[in-house]
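S.K.: One rule links them: number in our numbering = place in the sequence shown (from 1) + 28.
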Amino acid sequence: MIATPTSPIAKQTLLSDRFILTQVERFTLVFPAVWVAEIVQLDRSQILDLPFYDPLLIGIVNQNAQITPLLAAARLLETVETFSLKERLMAIRLNEAAGQLANIGVVIDRAIGNITRQELPPELFEPTKTATEIVLMRSELIPANLWQPQRWG
Numbered sequence: 029m030i031a032t033p034t035s036p037i038a039k040q041t042l043l044s045d046r047f048i049l050t051q052v053e054r055f056t057l058v059f060p061a062v063w064v065a066e067i068v069q070l071d072r073s074q075i076l077d078l079p080f081y082d083p084l085l086i087g088i089v090n091q092n093a094q095i096t097p098l099l100a101a102a103r104l105l106e107t108v109e110t111f112s113l114k115e116r117l118m119a120i121r122l123n124e125a126a127g128q129l130a131n132i133g134v135v136i137d138r139a140i141g142n143i144t145r146q147e148l149p150p151e152l153f154e155p156t157k158t159a160t161e162i163v164l165m166r167s168e169l170i171p172a173n174l175w176q177p178q179r180w181g
């Protein structure tokens, strides 16, 4: 039997139907698989603090010779009042398919697995859906002023 390579278009089509499941506190945060560049493990010592920015922005990290801003998914989902960094962190680094979120790392508690669109609740894809235990990662979740320094004092 002769194996034929899968075309990039066919791979994109296959990925567009898949989603990466992650856990953040009591929430399941769902990422479109086409958005995910990689899942990385980081040490807290690798993170450079950015104290004058929105608390959602934990800091930046130099990952594979690329500067990656890190967002706290726990703060994004408003699951904790006080957020503290662990010694080892896991983050989903997003790629250019994520649009304005390209090259952002989203810090999660753990990766659970992957699933097809048909296995997810249909209401998850409704734009007006309110927060439940399962949340689809969307660019609308990120505040518009995230990249603006905040006033101090």
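The beta carbon of each residue, even a glycine, is placed where N, CA and C say it ideally should be.
For the candidate residues L76, N173, F80, whose alpha-carbon lies nearest to that of V89?
M.R.: Translated into positions along the sequence shown, residue 89 becomes position 61. Nearest C-alpha to V89: L76.
S.K.: Whose C-alpha, out of V58, W63, Q74, is nearest the C-alpha of E124?
M.R.: In the sequence shown, the residue the question calls residue 124 occupies position 96. Of the listed residues, the one whose Cα sits closest to E124 is W63.
S.K.: In this structure, how does DSSP classify A93 when only helix, strand and coil are distinguished?
M.R.: By one-based count along the sequence shown, residue 93 stands at place 65. Note: A93 maps to coil in three-state DSSP.
S.K.: On the DSSP letters alone, give me the boundaries of the alpha helix (DSSP H) that A101 sits inside.
M.R.: Counting from one through the sequence shown, the residue named residue 101 turns up at place 73. Segment 101–104, the alpha helix (DSSP H) holding A101.
S.K.: Please name the residue in Q146, L113, L169, A61 whose C-alpha comes closest to that of S73.
M.R.: By 1-based counting over the sequence shown, the position of residue 73 is 45. Looking at the Cα atoms, L113 is the closest of the given residues.
S.K.: Buried or exposed: P60, going by 16 or more other Cβ atoms within 10 Å of its Cβ?
M.R.: Here residue 60 corresponds to residue number 32 of the sequence shown, with the count starting at 1. Its Cβ being crowded by 16 or more others within 10 Å, P60 is buried.
S.K.: Helix, strand or coil, according to DSSP, for E115 in the structure here?
M.R.: By 1-based counting over the sequence shown, the position of residue 115 is 87. In this structure, E115 counts as coil in the three-state DSSP scheme.
S.K.: Pull up the distance between the alpha-carbon of E106 and that of E151, whole angstroms please.
M.R.: Your numbering for residue 106 matches position 78 in the sequence shown. Your numbering for residue 151 matches position 123 in the sequence shown. Roughly 21 Å between the two C-alpha positions.
S.K.: Given a threshold of 16 other Cβ atoms within 10 Å of its Cβ, counted over all protein chains shown, does R95 qualify as buried or as exposed?
M.R.: Locating residue 95 in the sequence shown gives position 67, counting from the first residue. One detail in the question is off: residue 95 reads as Ile in this sequence, not Arg. It counts as exposed.
S.K.: Let's test the definition: count the other Cβ atoms within 10 Å of the Cβ of L42 and tell me whether it reaches 16, buried, or not, exposed.
M.R.: By 1-based counting over the sequence shown, the position of residue 42 is 14. Answer is exposed; the Cβ neighbour count stays below 16.
S.K.: For L174, is the classification buried or exposed, using 16 other Cβ atoms within 10 angstroms of its Cβ as the cut-off for buried?
M.R.: Residue mapping note: residue 174 aligns to position 146 of the sequence shown, counting from 1. Answer is exposed; the Cβ neighbour count stays below 16.
S.K.: Run through the DSSP bridge pairs and tell me what L76 is partnered with.
M.R.: Start at 1 with the first residue of the sequence shown, and residue 76 comes out as number 48. I88, per the DSSP bridge assignment.
S.K.: My guess is that Q69 and I140 are in contact by the Cβ rule of under 8 Å, so how many angstroms apart are they, rounded?
M.R.: Counted from its first residue, the sequence shown places residue 69 at position 41. Counted from its first residue, the sequence shown places residue 140 at position 112. Not a contact, Cβ separation roughly 16 Å.
S.K.: Which residues in the same chain have their Cβ closer than 7 Å to the Cβ of E161, if we skip the five residues on either side of it in sequence?
M.R.: As a working note, residue 161 is residue 133 in the sequence shown. Answer for E161: R54, F55, T56, listed in chain order.
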